[in-house]
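Peer 1: Numbering (the working numbering), first residue to last: 307 to 510.
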């Protein structure tokens, strides 16, 4: 995948150079405006491919001892940065627990879960719970779902045909958490009629 995106980006760069030549030949008027739009689209496509290739790199976590409440704060910040942001009920049951975590990778996973919830559970209030028990810190996202959901295919690359969705978000999230030693499980809770996304880290 990285090789393929690299080859495509080379082609896009060549086209970008051609549009630069067109701008020199026709620096004004509608032709220049059109060439400028083409160039903007080409650079957007190249940026998209760079991001796609980055998802296939092997995760190399930098794990440091971090207060669990700091991770919850980061999740709140990722929520606040969404536009529009889904309604969330925050339940903080943490004390002074510390965990080993790659903060940047945790932030990526938090953002992925919130983004998915905003897309697939629009207008539904979410619940995020942070608690510590039995030597573990658990972060849990609950999305109300009236019908049972089969999550067995989730996280498999290119398992969806939805436009602009490639099934790579959850796949990447699972790879990041596995590399960091974090348990990440999604399941449907029939007792509460909700989708559970649970992250579990050992207390240190």
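Glycine is no exception: its CB is placed at the ideal position from the N, C-alpha and C atoms.
These numbers were taken from a predicted model, which means no experiment stands behind them.
Specify the secondary structure class of residue 339 as computed by DSSP and reduced to three states.
Peer 2: Note: residue 339 maps to helix in three-state DSSP.
Peer 1: If you run the structure through DSSP and keep just helix, strand and coil, what is residue 416?
Peer 2: Looking at residue 416 - three-state DSSP - the assignment turns out to be helix.
Peer 1: Near residue 385, which residues of its chain fall below 7 Å by C-beta distance, leaving aside the five closest residues on each side in sequence?
Peer 2: Answer for residue 385: 391, 394 and 420, listed in chain order.
Peer 1: CB residue 489 to CB residue 510, shorter than 9 Å?
Peer 2: Not in contact: residue 489 and residue 510 (Cβ atoms no closer than 9 Å).
Peer 1: What distance in whole Å lies between the Cβ atoms of residue 359 and residue 307, which are believed to be in contact at a cut-off of 8 Å?
Peer 2: Sure, about 7 Å apart at Cβ, within 8 Å.
Peer 1: Flag residue 311 as yes when its Cβ comes closer than 8 Å to any non-hydrogen atom of the ligand ZN, and as no otherwise.
Peer 2: Annotation note on the ligand ZN: not contained in the displayed structure, which lists no ligands.
Peer 1: Would you call the segment 446-463 and the segment 474-481 touching, i.e. three or more CB-CB distances under 8 Å?
Peer 2: Because the criterion of three Cβ pairs below 8 Å is met, the segment 446-463 and the segment 474-481 touch.
Peer 1: What is the rounded straight-line gap between the Cα of residue 329 and the Cα of residue 343?
Peer 2: Residue 329 and residue 343: Cα-Cα distance of roughly 11 Å.
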